[in-house]
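For the sequence shown, position 155 (counting from the first letter as 1) is numbered 156 according to our numbering, and the numbering increases by one without interruption.
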Amino acid sequence: MKRTILIHPDPRLKKVCTPVTDLSDDLRQLADDMLETMYDAPGIGLAAPQIGVLERLIVLDCIKEEGETPRPMVMFNPQVVASSEETNVYEEGCLSIPEQFAEVTRPKLVDVEWIDRDGNPQSETFDGLWATCVQHEIDHLNGKLFIDYLKPLKRQMITRKMQKLKRERARA
Ligand code: K1U
Ligand code: ZN
């Protein structure tokens, strides 16, 4: 089932999420719903707080080329355990901040540990867009948005645009 994506500003997008302790069928269903919501948006990642669930769960699939095999990933309790000195700049977007993009600098490579959909521990080194995306999604679990990396004036401008968008959507 497709879920509704919250739009910034929303207090739920500023909260630190709770670790998942028991991997239930409900949580697996939630992960499947998040993948459906992400592909429909369309997006390359989604974090549980973006649909109002304050638990440490993210999904991602950074395969963008048509014809390439999709790689849907479900991560419970993801953690960056090491990151490179070398950085990468990417023009990021966010499904909770539609149509706004800005350059963000992050570590180029990250080692991530997580629990997969079957409850097994996993780890992998991510590079390129995958590294950018997984860091963006883990930030969501800590109540941090990509606009928090921008200068206050730019952040304020984007927040005002989002407030206007929300008012217009509420009237429609
Ligand atoms: O977390 C989110 O809001 C999803 C976000 C992830 C992300 C994008 C860019 C850099 C870092 C993290 C998005 O998916 S925004 C949409 C997007 O980037 C996209 C949509 C369709 C095709 C390709 C990309
Ligand atoms: Zn986002």
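Virtual Cβ for every residue (Gly too), placed ideally from N, Cα, C.
Every value quoted in this text rests on a predicted model; they were computed, and no experiment measured them.
Do you know how far the Cα of residue j is from the Cα of residue i?
| i | j | result |
| --- | --- | --- |
| Met2 | Met74 | 18 Å |
| Val111 | Gly44 | 21 Å |
| Val90 | Tyr150 | 12 Å |
| Val17 | Thr38 | 22 Å |
| Ser124 | Pro12 | 31 Å |
| Asp34 | His9 | 21 Å |
| Gln157 | Asp119 | 41 Å |
| Arg168 | Pro122 | 43 Å |
| Glu87 | Ala48 | 26 Å |
| Thr22 | Leu96 | 27 Å |
| Asp140 | Leu28 | 20 Å |
State yes or no: is the C-beta of residue i within less than 8 Å of the C-beta of residue j?
| i | j | result |
| --- | --- | --- |
| Ile116 | Phe77 | yes |
| Glu100 | Thr133 | no |
| Val113 | Val81 | yes |
| Ser85 | Pro50 | no |
| Leu142 | Arg57 | yes |
| Ile159 | Ile98 | yes |
| Gly144 | Lys65 | no |
| Ile148 | Ala103 | yes |
Over what stretch of residues does the beta strand (DSSP E) that includes residue i continue unbroken?
| i | result |
| --- | --- |
| Thr106 | Ala103 to Pro108 |
| Gly46 | Gly46 to Ala48 |
What does residue i pair with, by DSSP beta-bridge criteria?
| i | result |
| --- | --- |
| Trp115 | Gln123 |
| Ile59 | Ala48 and Met76 |
| Val90 | Thr106 |
Give the range of the alpha helix (DSSP H) segment to which residue i is assigned.
| i | result |
| --- | --- |
| Val135 | Gly129 to Leu142 |
Does DSSP classify residue i as helix, strand or coil?
| i | result |
| --- | --- |
| Thr70 | coil |
| Ala171 | helix |
| Thr5 | coil |
| Ala42 | coil |
| Thr160 | helix |
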